[in-house]
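The sequence shown finishes on residue 437 if you use the working numbering, and the numbering steps up by one all the way, no holes.
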Amino acid sequence: MDSYGSLWDFFVNVWRRKACSECTRSKRQCNKQTPACRRCRERGTVCEYPFVRRICAPLESTLPDTLSSESALLGFQAFPDLDVDADVTDFGLELNPLPPLDWLCTDQMQLPTNTGNALSATTAGDAEYDWFQCPDSWTVEHEQPGRQQDFLDDSFLMRFVSDVQRWLQQWASDGHNPFIHHQLYRQRLPRSIQDAYTALTAYLAKNPKNEDLTFRIIEDRVAQLLQDQPPNSLPSSLDILEHLARVQALLVYQVIRLFDGNIRLRAQAEQHSPVLSRWVGQLWERAAGGNRVQGMSTTPPENDAVLRSWRTWITSESVRRTWLTVKILLSVYDTLKLGWSECPGGLFFTAREGIWSASTAYAWSKACRDGGPLFLQSMRLDGLFGYAKPSEVGEFGRAVLSICFGSEKVDRWVNEGAETSPAGVLDALAFLGGGE
2 MDSYGSLWDF FVNVWRRKAC SECTRSKRQC NKQTPACRRC RERGTVCEYP
52 FVRRICAPLE STLPDTLSSE SALLGFQAFP DLDVDADVTD FGLELNPLPP
102 LDWLCTDQMQ LPTNTGNALS ATTAGDAEYD WFQCPDSWTV EHEQPGRQQD
152 FLDDSFLMRF VSDVQRWLQQ WASDGHNPFI HHQLYRQRLP RSIQDAYTAL
202 TAYLAKNPKN EDLTFRIIED RVAQLLQDQP PNSLPSSLDI LEHLARVQAL
252 LVYQVIRLFD GNIRLRAQAE QHSPVLSRWV GQLWERAAGG NRVQGMSTTP
302 PENDAVLRSW RTWITSESVR RTWLTVKILL SVYDTLKLGW SECPGGLFFT
352 AREGIWSAST AYAWSKACRD GGPLFLQSMR LDGLFGYAKP SEVGEFGRAV
402 LSICFGSEKV DRWVNEGAET SPAGVLDALA FLGGGE
């Protein structure tokens, strides 16, 4: 047994979040969401969670043989360099990197029952692998008003733009990038994303002699995309992959046109930013509450729960990452142009390095079991600074960390590593909260 994991499990189970003070006083149900529960947000009241110390049960009592929900989803080990006394195992806790579904959802996530989620194709045999199917993981969270971000200068914002531009180059050369999974379009490639790919490759190969021709191709492809997918069309007429493809296609065109420097292209792109925002909203609605559909065109064998879950996760995670990329990029552009923007909001996504790049269902499930998926709300990623190693977080996660909390803080974390002191761990616990 890993004594470090057990020590962390002990800390997580000692500190547990109860209902907030306001809901307790009013004797109302609290959904225990952070940073504020739903009731407090709707009423505009201050939401505070009391921390109550839980008395450890004796060894004879029955304790769950899994990690707490937080540490399982986050998937890290506390105090990696600390020589912990072997008596820590006396707390009677076992370490299982990927516990069953009933321990995988955090206290602000309820287990899926009959959610109607567009990405849900869950059977009883799939439950062990569908840790990403918690319905509340599709809840969009926003930053509380009044938070100052002094690090948001133009050079910092352009760093995220450069990241996205580099990702598009990677897609053109490798067929995948941090928000387009290498297996996403393996079985079906919608026309919209085909056109975006050919336009992008033409753009990346342009020179002063063929620039006008390249721009005409891009304009024509955008017009065709809008004609094929009119803004007023019923979203229900598209399946989840078609929704995702058209959003990713328009995102490609927006990145090219907004940041190329050509005045005509930029003016056209600004007119289409509301369309992209509306489409990504419809994509989110479809993923969060649409009819139950498969993201892939071919259904895997019924007895292969891991393969089925992996393919569903690929679509789910691609939706999450595409949504975040679009929202952050539009917010960055507004800030560069106007000096401010609304909070783009945040979703849960998988931050663990190696899970996104897994080439098979087995490799994916093994990566999840070995370290935990780091399935996190993007608005609360700064907890990673306190307990995760930089090498444990993938490229997409590091980019979101930088744009949300500043590249200076991320660079310090990369160079100095995570805080591994007991105080740092308890700070992370206070940040994360716990289940009842």
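For each residue, glycine too, the CB sits at the ideal point set by N, CA and C.
Local Cβ density within 10 Å of residue 398, reported as buried at 16 or more and exposed below that: buried
Taking its Cβ as the centre, do 16 or more other Cβ atoms sit within 10 Å of residue 395, making it buried, or is it exposed? buried
What span of residues does the alpha helix (DSSP H) with residue 25 cover, start to end? 22-27
DSSP beta-bridge partners of residue 347: 142
Bridge partners of residue 394, per DSSP? 353
Using a Cβ-Cβ cut-off of 6 Å (strictly less than) and excluding sequence neighbours within five positions of residue 383, which residues of its own chain qualify? 406
Residue closest to residue 373, alpha-carbon to alpha-carbon, out of 386, 354, 363: 354
Any 3 or more C-beta pairs closer than 8 Å across the stretch 319-331 and the stretch 179-189: yes
Only counting the same chain, and skipping five residues up and downstream in sequence, which positions put a Cβ closer than 8 Å to that of residue 418? 390, 391
Measuring CA to CA, which of 338, 266, 280 is closest to residue 159? 338
Count the CB pairs spanning the stretch 167-175 and the stretch 185-204 that are closer than 8 Å, and state whether there are at least three. yes
Shorter than 8 Å from the beta carbon of residue 285 to some beta carbon of chain D? Structure shown: chain D not included; a single protein chain is present.
Residue environment, residue 210, which counts as buried when at least 16 other CB atoms sit within 10 Å: exposed
Taking the beta strand (DSSP E) that residue 378 belongs to, which residues open and close that run? 376-378
Expressed to the nearest angstrom, what Euclidean distance is found between the alpha-carbon atoms of residue 400 and residue 411? 9 Å
What's the C-alpha gap between residue 139 and residue 327? 16 Å
Using a threshold of 8 Å, state whether the C-beta atoms of residue 340 and residue 379 are closer than that. no
Could you name the residues that DSSP lists as bridge partners for residue 181? 178
According to the neighbour-count rule (16 or more other Cβ atoms, all chains shown, within 10 Å of its Cβ), is residue 287 buried or exposed? buried
Find out if the Cβ-Cβ distance for the pair residue 264, residue 219 is shorter than 8 Å. no
Buried or exposed for residue 33, please, with buried defined as at least 16 other CB atoms from any protein chain shown within 10 angstroms of its CB. buried
Give the straight-line distance between the Cα atoms of residue 135 and residue 144, rounded to the nearest whole angstrom. 22 Å
DSSP on residue 438, reduced to helix/strand/coil? A query on residue 438 cannot be resolved here, the shown segment of the chain reaching from 2 to 437 and no further.
Between residue 29 and residue 40, which are expected to be in contact by the criterion C-beta below 8 Å, what is the C-beta distance as a whole number of angstroms? 6 Å
Assuming residue 226 contacts residue 193 (C-beta within less than 8 Å), just tell me the rounded distance between them. 6 Å
Distance between residue 369 and residue 48 (C-alpha atoms, nearest Å): 33 Å
Which of the three DSSP states is assigned to residue 164 in this structure? helix
Could you work out which residue in 331, 267, 245 is closest to residue 185 when comparing CA atoms only? 245
Inter-residue spacing [alpha-carbon to alpha-carbon] between residue 274 and residue 307: 38 Å
Beta carbon of residue 280, beta carbon of residue 253: below 8 Å? no
Roughly how many angstroms lie between the CA atoms of residue 42 and residue 289, to the nearest whole one? 21 Å
With burial defined as no fewer than 16 other Cβ atoms inside 10 Å of the residue's Cβ, what is the status of residue 176: buried or exposed? exposed
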